[in-house]
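Here the structure comes first, spelled out in structure tokens, and everything after it is commentary.
2 protein chains.
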Amino acid sequence: MVATTPPSTRREPLTRDRVLRVAIDRADEGGVEALSMRPLAQELGVVPMALYKHVANKDQLLDAMVDAVMGEVNEAVSRVDAGSPAWQPTIRARILAARNVFLSHPWAPGLMVSRTTMTPAVVQYVDGLVGLFLDAGYSIDLTHHALHALGSRALGFTQELYDDSGEADAQAEQMLEQMAAAYPNITAMVAGIVHDADTTLGWCDDQVEFEFALDLLLDGLAALRARS
Amino acid sequence: MVATTPPSTRREPLTRDRVLRVAIDRADEGGVEALSMRPLAQELGVVPMALYKHVANKDQLLDAMVDAVMGEVNEAVSRVDAGSPAWQPTIRARILAARNVFLSHPWAPGLMVSRTTMTPAVVQYVDGLVGLFLDAGYSIDLTHHALHALGSRALGFTQELYDDSGEADAQAEQMLEQMAAAYPNITAMVAGIVHDADTTLGWCDDQVEFEFALDLLLDGLAALRARS
DNA sequence: ACCTGAACACCGTTCAAGT
DNA sequence: ACCTGAACACCGTTCAAGT
Chain P
1 MVATTPPSTR REPLTRDRVL RVAIDRADEG GVEALSMRPL AQELGVVPMA
51 LYKHVANKDQ LLDAMVDAVM GEVNEAVSRV DAGSPAWQPT IRARILAARN
101 VFLSHPWAPG LMVSRTTMTP AVVQYVDGLV GLFLDAGYSI DLTHHALHAL
151 GSRALGFTQE LYDDSGEADA QAEQMLEQMA AAYPNITAMV AGIVHDADTT
201 LGWCDDQVEF EFALDLLLDG LAALRARS
Chain B
229 MVATTPPSTR REPLTRDRVL RVAIDRADEG GVEALSMRPL AQELGVVPMA
279 LYKHVANKDQ LLDAMVDAVM GEVNEAVSRV DAGSPAWQPT IRARILAARN
329 VFLSHPWAPG LMVSRTTMTP AVVQYVDGLV GLFLDAGYSI DLTHHALHAL
379 GSRALGFTQE LYDDSGEADA QAEQMLEQMA AAYPNITAMV AGIVHDADTT
429 LGWCDDQVEF EFALDLLLDG LAALRARS
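Chains as they are written, first to last, in this note's numbering: chain P, 1 to 228; chain B, 229 to 456.
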């Protein structure tokens, strides 16, 4: 047999980082609501109570997970800032880079809106974004309004309310037909969009919708800046 | 003693409506995460399992609660439609009326974004809103984009990410001072807004921010409609 | 001093035993 | 047939007993 690490140190020591890493992996796979302390400990080959040496409680674990994802966002954003001189494309690119990170951690947005404490990495990200607005000549007031108007979109995600991106299966179509009488407008809209669809992605593309809304807001804000 | 309802029928019978009503009351007071089946049953003077005669499980109870709130919204909206002929003020008024309802059920937004099933009252509300856009001459495509761009704001709420409406207490101010070096932009923004504040509400007013963002979006959409 | 198993105080829900 | 208590399979976390 090949010489590996000696048996006594085979089980790599439990660190806060390792706890965070597998917690995030588990959340990526099964969602955050399926993440509980006991199975997490088991996956780490450790007794449940051992986790409490590295995180005070589950709440702090969740905060740390969010912070780690925002750390990824900050790293991704720093790679993207090859500095176009125009402020609007810069902000746009930064937000879309952030969005890319959230696409691989779909549980993170839900966690972020439910949590009230702002972690350091979030503060860092927002500080950078505020800096871009101020550098672009936005007043402090307008920058503040912009942050609220963008809402979670400033961080790079939206909480889609109801999933309308799924392909229309037989059951849904039948239900739609029954709804036609009671809800004529929504039925017309769905029918019209399905008909016009030029992709096979279903009848709406999250990326397109995100960019549409983002540009609508950034254009509107730019007009307000120019006017002031 | 005064003749009241006879003792045998004193305890009014448990109905689905009564379950919903006190469930919503409890959520209004303590938040939805503090709502559990056992205490809910106790408040209703009933054994926990009795609830399961009226709701299949807790998930269905939560869906029904959301539907009830959206019912309130639809009712409020119907009272507001004293029909201005212009589409934009009409949509604006409708959304602000919806928002008013959510202000007294602060747990509802969080529940709505976490749930994937669209209840009848939601469909009804969205159908009405889509109707307004279509009547205003919006194309089906633009209406669909509008719905996505407005997001939860179309329903009358935003999930505020981090609460910055609190008054700056001593601890927060001290922390802010320590942050000034690391996060100059955000510090400048907070300082600037606190200084300019013309209200005692703290340094931002949710209602004002909501209307600002709503108008920004509706104005932008109106421009797109005019151009097409 | 450190680690850990059992225990505590909860959950939502099943199910069999009572009426 | 209907109602319901006890029980089941989980939670997060405390704590005292082991080393």
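Just so you know, even glycine gets a beta-carbon here, dropped at the ideal spot from N, CA and C.
On a predicted model such as this, the values are computed, not experimentally measured, just so you know.
Where residue i sits in the DSSP three-state scheme
i, result
"P:Arg115", "coil"
"B:Pro337", "helix"
"B:Tyr411", "coil"
"B:Glu240", "coil"
"P:Gly192", "helix"
"B:Gly359", "helix"
"B:Ala364", "coil"
"B:Gln352", "helix"
"P:Thr200", "For P:Thr200, the pLDDT reaches just 45, beneath the cut-off of 50, and the residue's location in the model is therefore unreliable, although a value from the coordinates is still provided. The answer is coil: DSSP assigns P:Thr200 none of H, G, I, E or B."
"B:His373", "helix"
"B:Glu395", "At B:Glu395, the pLDDT of 49 sits below 50, so the modelled position is not reliable; the number obtained from the coordinates is stated separately. Coil."
"P:Leu150", "helix"
"B:Arg246", "helix"
"B:Glu405", "helix"
Whole-number beta carbon distance between residue j and residue i, since they are thought to touch under 8 angstroms
i, j, result
"B:Ser312", "P:Gly110", "Wrong, their Cβ atoms sit about 37 angstroms apart, outside the cutoff."
"P:Val69", "P:Val101", "7 angstroms"
"B:Gln352", "P:Tyr183", "7 angstroms"
"P:Leu216", "B:Ala377", "6 angstroms"
"P:Ala97", "B:Ile368", "About 32 angstroms separates the two Cβ atoms, so there is no contact after all."
"P:Leu134", "B:Asn413", "6 angstroms"
"P:Ala23", "P:Leu40", "6 angstroms"
"P:Leu218", "P:Gln88", "6 angstroms"
"P:Glu247", "B:His373", "The requested residue 247 of chain P does not occur in the structure, where chain P is confined to residues 1 to 228."
"B:Gly448", "P:Gly192", "About 22 angstroms separates the two Cβ atoms, so there is no contact after all."
"B:Ala255", "B:Leu263", "5 angstroms"
Span of the alpha helix (DSSP H) around residue i
i, result
"P:Thr158", "Note, P:Thr158: premise wrong, no alpha helix (DSSP H); not H, not E."
"P:Leu224", "Asp206 to Arg227"
"P:Trp87", "Trp87 to Leu103"
Nearest neighbour of residue i, chosen from the options [CA to CA]
i, options, result
"P:Ala136", "P:Cys204, P:Ala222 and P:Gly156", "P:Ala222"
"B:Ala322", "B:Ile421, B:Thr243, B:Ala454 and B:Val305", "According to the sequence provided, residue 322 of chain B is Arg. The question's Ala does not apply to it. It is B:Val305 whose Cα lies nearest to the Cα of B:Arg322."
"P:Arg92", "P:Ala56, P:Thr117, P:Leu132 and P:Asp59", "P:Leu132"
"B:Ala441", "P:Leu161, P:Leu147, P:Ala191 and P:Val194", "P:Leu147"
"P:Val32", "P:Leu14, P:Val66 and P:Met49", "P:Val66"
"P:Arg18", "P:Glu29, P:Ala50, P:Ala34 and P:Gly30", "P:Ala50"
"P:Asp63", "P:Ala121, P:Ile193 and P:Leu218", "P:Ala121"
"B:Val275", "B:Ile368, B:Thr345, B:Pro241 and B:Glu405", "B:Pro241"
"B:Gln387", "B:Asp443, B:Arg327, B:Thr371 and B:Gln406", "B:Arg327"
"P:Leu161", "B:Asp434, B:Tyr390 and B:Arg381", "B:Arg381"
"P:Leu155", "P:Asn185, P:Leu129 and P:Pro106", "P:Leu129"
"P:Trp107", "P:Ala97, P:Val208 and P:Asp25", "P:Asp25"
"P:Arg38", "P:Glu29, P:Tyr52 and P:Asp28", "P:Tyr52"
"P:Glu72", "P:Ser104, P:Ala86 and P:Gly220", "P:Ser104"
"B:Arg244", "B:Asp256, B:Gly258, B:Leu272 and B:Glu257", "B:Leu272"
"P:Phe157", "P:Asp127, P:Leu224 and P:Gln207", "P:Gln207"
"P:Leu224", "P:Glu177, P:Met179, P:Leu61 and P:Tyr138", "P:Tyr138"
"B:Met407", "P:Ala180, P:Gln178, P:Asp205 and P:Met118", "P:Met118"
"B:Asn302", "B:His282, B:Asp355, B:Glu257 and B:Lys286", "B:Asp355"
"B:Leu289", "B:Glu257, B:Ala314, B:Met340 and B:Asp433", "B:Met340"
heavy atom of the ligand PLP below 7 angstroms from residue i C-beta
i, result
"B:Pro334", "Here there are no bound small molecules, and the ligand PLP is not part of this structure."
TODO: Report the residue ranges of all beta strand (DSSP E) runs contained in full by the segment 21 to 90 of chain P; include only those spanning at least 3 residues, in chain order.
DONE: none
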